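> Input: one structure, supplied below.
2 protein chains.
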Amino acid sequence: MGAVTEVVETKQDRIARRQVDKFQARRTELAVATLHTLAELGYARTSLREIAQNSEFSHGVLHYYFADKRDLVTEAVRQYEAVCVTRYDEVVAGAGTGARLREDFVDMFFATLNADAPLHRLWYDLRNQSLFDETFREDVREIEERREAMIWRVISRYAELCDAVPALGSGSAYALLDGIFQRALWCALSGRAGDVAALRGELVRALDLLVGEGQTQ
Amino acid sequence: MGAVTEVVETKQDRIARRQVDKFQARRTELAVATLHTLAELGYARTSLREIAQNSEFSHGVLHYYFADKRDLVTEAVRQYEAVCVTRYDEVVAGAGTGARLREDFVDMFFATLNADAPLHRLWYDLRNQSLFDETFREDVREIEERREAMIWRVISRYAELCDAVPALGSGSAYALLDGIFQRALWCALSGRAGDVAALRGELVRALDLLVGEGQTQ
DNA sequence: AGAAAATCTTGACAACTGTCAAATGCTGGA
DNA sequence: TCCAGCATTTGACAGTTGTCAAGATTTTCT
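Chain order of the listed sequences is A and B.
For the first sequence, the numbering used here assigns the number 1 to the initial residue and increments by one for each residue that follows.
For the second sequence, the numbering used here assigns the number 218 to the initial residue and increments by one for each residue that follows.
Next up, the structure:
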């Protein structure tokens, strides 16, 4: 009897898994559409009907795949995380010298600033929402941690290449670079290209300060 | 005939001015109520009726004193500005030594963090709104400028007292401290008192880095 | 092919939104 | 005292929102 039920179960399992996969695939598809709508309109003005219009489905389907709006937005945030949290890893891996790492990092910094500006402003929007709505807090904390770790990989590797030691801890270093990024994003979205360019120099100076030359320890 | 009309006019002017004053007084009164409601609920979930309930009037009166919702929110933001943009001036004025200034600044930093947390999260909320809604951009830019200047008064005075020169420009220095403040605010509102306490040390280190001892120039 | 199940659309609901106009209460001047 | 004009309330409007259920459609399995 064991054998038969086992065969049957695995068969059902295969079916179930395939269904689950399809279900999950559509879920993330809709989450991606949500992400783009949120990035365009911001959290405050994004409605389910608007999201559905940015997909190829009608608004009712959202409640087939998601429990409620929060569930949907949460899943969308997770999509953001997947995209935006490993951005500098190849830069770190590919740089042989400190100067090269610094240059590549700054380039990537401003490249994603310009290319993904709507996505980034959404991230800041949701991080702020978590200051009011504690439902978002856990997800935000998790992503914030990964972002901090991502920056720290850059900084500590940069210090290593420069034969130095970072002048600030992981949290403060992230606060500094994220602060510069936020400001640059604001300037970019306001059409102040000149101010953005000026911030490039500021970023270089900040990196030099964080990992001053010759501060071997 | 000139004299008579002049007398009449000044009389009417007095009346008119008194009315204007009363009008303005109520306007700011309602703007303050708006500010508190916004600080409690965030921009996305603040409705006119909710604002009115936090005042002693009914919701209709808001359209008597304000053209529309944006007008109201804008006026509320200006109230925030009046409160929050001169906070460190007495600290700067009253400190005789660098060590004293640093200590007082850090104390004030965390005092307002805890006392006015809802107000601060509102500021960040509105600054983010301006990334999506360009109507807010000018007001945000103005306040952001004043905040940066406020921080710069602290930093440059601190450097002066330490006989040193700031290691970063005004913009980057603000980005660093504001980044730390944002993070501390998040921790405070999440009930992570321990993390907030840890950030006090980070802030001190950041100040020391910005105005390193002996960096006379 | 036909039944069963999964998927998607449509339309409706109650609640809530910003806005405004009509009605009411109120105050200050003649 | 009475009245004009200011201040405030009330109630309504058109539109939007999240949610959900009933039905239509498509896919899947036997």
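We put the beta carbon where it would ideally sit given N, CA and C, even for glycine.
A quick note: this is a predicted structure, and the numbers were derived from the prediction, not measured.
Less than 7 Å between C-beta atoms, sequence neighbours within five positions excluded: which residues of the same chain meet that for Ser58 (chain A)?
On the first sequence, position 58 is the one that residue 58 (chain A) refers to. Cβ neighbours of Ser58 (chain A) beyond the five flanking positions: Ala52.
> List the residues of chain A whose Cβ lies closer than 7 Å to the Cβ of Trp403 (chain B), in chain order.
Within the second sequence, residue 403 (chain B) is the residue found at index 186, counting from 1. Correct list: Leu131.
> Taking only the alpha-carbon atoms, compute the straight-line gap between Asp68 (chain A) and Thr254 (chain B) and give it to the nearest angstrom.
The sequence position of residue 68 (chain A) within the first sequence is 68, counting from 1. The sequence position of residue 254 (chain B) within the second sequence is 37, counting from 1. Looking at the two C-alpha atoms, the distance is approximately 26 Å.
> Just reading off the alpha helix (DSSP H) that Cys379 (chain B) is part of, what are its end residues?
Residue numbering aside, residue 379 (chain B) sits at position 162 when the second sequence is read from its first letter. Neither: Cys379 (chain B) is in no alpha helix (DSSP H) and is coded neither H nor E.
> Quick one: does Gly98 (chain A) have its CB under 8 Å from some CB of chain B?
Here residue 98 (chain A) refers to the residue found at position 98 when the first sequence is read from its first residue. Closer than 8 Å: no.
> What three-state label does DSSP hand Ser407 (chain B) in the structure shown?
To locate residue 407 (chain B), count along the second sequence from 1; it is residue 190. In the structure shown, Ser407 (chain B) sits in coil (DSSP, three-state: anything other than H, G, I, E or B).
> Output, in chain order, the set of chain A residues within a Cβ distance shorter than 7 Å of Ser407 (chain B).
Against the second sequence, residue 407 (chain B) aligns to sequence position 190. Result: Arg137.
> What's the call for Gly201 (chain A), buried or exposed, on a 16-neighbour Cβ count within 10 Å?
Taking the first sequence and counting its residues from 1, the one referred to as residue 201 (chain A) is at position 201. Its Cβ having fewer than 16 others within 10 Å, Gly201 (chain A) is exposed.
> Taking the beta carbon of Gly42 (chain A) as the centre, do at least 16 other beta carbons fall within 10 Å, making it buried, or is it exposed?
In the first sequence, residue 42 (chain A) corresponds to position 42, counting from 1. Buried.
> Examine chain B for any beta-carbon lying closer than 8 Å to the beta-carbon of Ala175 (chain A), and answer yes or no.
Translated into the one-based positions of the first sequence, residue 175 (chain A) becomes position 175. Yes, Ala175 (chain A) lies at the interface with chain B (some Cβ there is under 8 Å from its Cβ).
> By Cβ distance below 8 Å, which residues in the same chain neighbour Val204 (chain A) in space, the five residues on each side in sequence not counted?
Against the first sequence, residue 204 (chain A) aligns to sequence position 204. Once the five neighbours on either side are set aside, the close Cβ partners of Val204 (chain A) are Arg102, Val106.
> Near Thr314 (chain B), which residues of its chain fall below 8 Å by C-beta distance, leaving aside the five closest residues on each side in sequence?
The residue given as residue 314 (chain B) occupies position 97 in the second sequence. Only Leu378 meet the Cβ criterion.
> For Gly212 (chain A) versus Ala164 (chain A), is the C-beta distance shorter than 8 Å?
In the first sequence, counting from the first residue as 1, residue 212 (chain A) sits at position 212. In the first sequence, counting from the first residue as 1, residue 164 (chain A) sits at position 164. It is a contact, given that the beta carbons lie within the stated cut-off.
> Since Asp395 (chain B) contacts Cys404 (chain B) with CB under 8 Å, what's their CB separation in whole angstroms?
Counted from its first residue, the second sequence places residue 395 (chain B) at position 178. Counted from its first residue, the second sequence places residue 404 (chain B) at position 187. Their Cβ separation, rounded to whole angstroms, is 15 Å, which puts Asp395 (chain B) and Cys404 (chain B) out of contact at 8 Å.
> Look at the Cβ atom of Leu252 (chain B), then the Cβ atom of Leu279 (chain B), and state whether they are nearer than 8 Å.
For the purposes of this step, residue 252 (chain B) is taken as residue 35 along the second sequence, with counting starting at 1. For the purposes of this step, residue 279 (chain B) is taken as residue 62 along the second sequence, with counting starting at 1. The answer is no: Cβ separation not under 8 Å.
> Taking the CB atoms as reference points, tell me whether Pro118 (chain A) and Glu50 (chain A) lie closer together than 8 Å.
Residue 118 (chain A) sits at position 118 when you count from the first residue of the first sequence. Residue 50 (chain A) sits at position 50 when you count from the first residue of the first sequence. The answer is no: Cβ separation not under 8 Å.
> When DSSP labels each residue in this structure, what does Asn271 (chain B) get in the three-state scheme?
For the purposes of this step, residue 271 (chain B) is identified with residue 54 of the second sequence, where counting begins at 1. Coil.
> To which residues of the same chain is Asn273 (chain B) closer than 7 Å at the C-beta, ignoring the five residues directly before and after it?
The sequence position of residue 273 (chain B) within the second sequence is 56, counting from 1. Position check: residue 273 (chain B) holds Glu in this sequence, whereas Asn was assumed. There are no such residues.
> Look up Thr46 (chain A) in the DSSP assignment and say whether it is helix, strand or coil.
Reading the first sequence from its first residue, position 46 is the one you call residue 46 (chain A). The answer is coil: DSSP assigns Thr46 (chain A) none of H, G, I, E or B.
> Have a look at Arg262 (chain B) and Leu339 (chain B) and give me their C-alpha separation to the nearest angstrom.
As a position in the second sequence, residue 262 (chain B) is number 45, starting the count at 1. As a position in the second sequence, residue 339 (chain B) is number 122, starting the count at 1. Going from the Cα of Arg262 (chain B) to the Cα of Leu339 (chain B) covers about 12 Å.
> Please report the Cβ distance between Leu185 (chain A) and His120 (chain A), rounded to the nearest whole angstrom; I am assuming they are in contact, meaning their Cβ atoms lie under 8 Å.
As a position in the first sequence, residue 185 (chain A) is number 185, starting the count at 1. As a position in the first sequence, residue 120 (chain A) is number 120, starting the count at 1. That pair is a contact at about 5 Å.
> What's the C-alpha gap between Arg243 (chain B) and Arg295 (chain B)?
As a working mapping, residue 243 (chain B) is identified with position 26 in the second sequence. As a working mapping, residue 295 (chain B) is identified with position 78 in the second sequence. Looking at the two C-alpha atoms, the distance is approximately 15 Å.
> Which residues, in order along the segment 25–58 of chain A, keep a beta-carbon less than 9 Å from a beta-carbon of chain B?
Here the close residues are Glu40, Leu41, Gly42, Tyr43, Ala44, Arg45.
> What would DSSP say about Phe105 (chain A), mapped onto helix, strand or coil?
One-based indexing of the first sequence puts residue 105 (chain A) at position 105. It is helical.
> Among the residues of its own chain, which have a CB less than 7 Å from the CB of Ile151 (chain A), if the five just before and after it don't count?
The count along the first sequence starts at 1 and reaches residue 151 (chain A) at position 151. Hits under 7 Å: Ala173, Tyr174, Leu177.
> Leaving out five residues before and five after Val224 (chain B) in sequence, what residues of the same chain have Cβ atoms less than 6 Å from its Cβ?
On the second sequence, residue 224 (chain B) is found 7 positions in, with the first residue counted as 1. Low confidence applies here, because Val224 (chain B) scores a pLDDT of 43, under 50, leaving its location unreliable; read the following figure in that light. Correct list: empty, nothing qualifies.
> Using the beta-carbon of each residue, which ones in chain A are nearer than 9 Å to Arg422 (chain B)?
For the purposes of this step, residue 422 (chain B) is taken as residue 205 along the second sequence, with counting starting at 1. Residues of chain A passing the Cβ test: Ala167, Leu168, Gly169, Ser172.
> Could you check whether Tyr341 (chain B) and Gln399 (chain B) sit closer than 8 Å to each other, using their CB atoms as the reference points?
Within the second sequence, the letter at position 182 stands for residue 399 (chain B). Within the second sequence, the letter at position 124 stands for residue 341 (chain B). Their beta carbons are under 8 Å apart, which means Gln399 (chain B) touches Tyr341 (chain B) by this criterion.
> Which residues in chain A have a C-beta closer than 7 Å to the C-beta of Leu426 (chain B)? List them in chain order.
Within the second sequence, numbered from 1, the residue matching residue 426 (chain B) stands at position 209. The answer, in chain order, is Ala167, Leu168, Leu209.
> My output table needs one value for Phe327 (chain B): the three-state DSSP class, helix, strand or coil.
Numbered from 1 along the second sequence, position 110 holds the residue referred to as residue 327 (chain B). It is helical.
> Could you list which residues in chain A have their beta carbon closer than 9 Å to that of Gly396 (chain B), in chain order?
Start at 1 with the first residue of the second sequence, and residue 396 (chain B) comes out as number 179. What Gly396 (chain B) touches in chain A: Ser172, Tyr174, Ala175, Leu176, Leu177, Asp178, Gly179, Ile180, Gln182.
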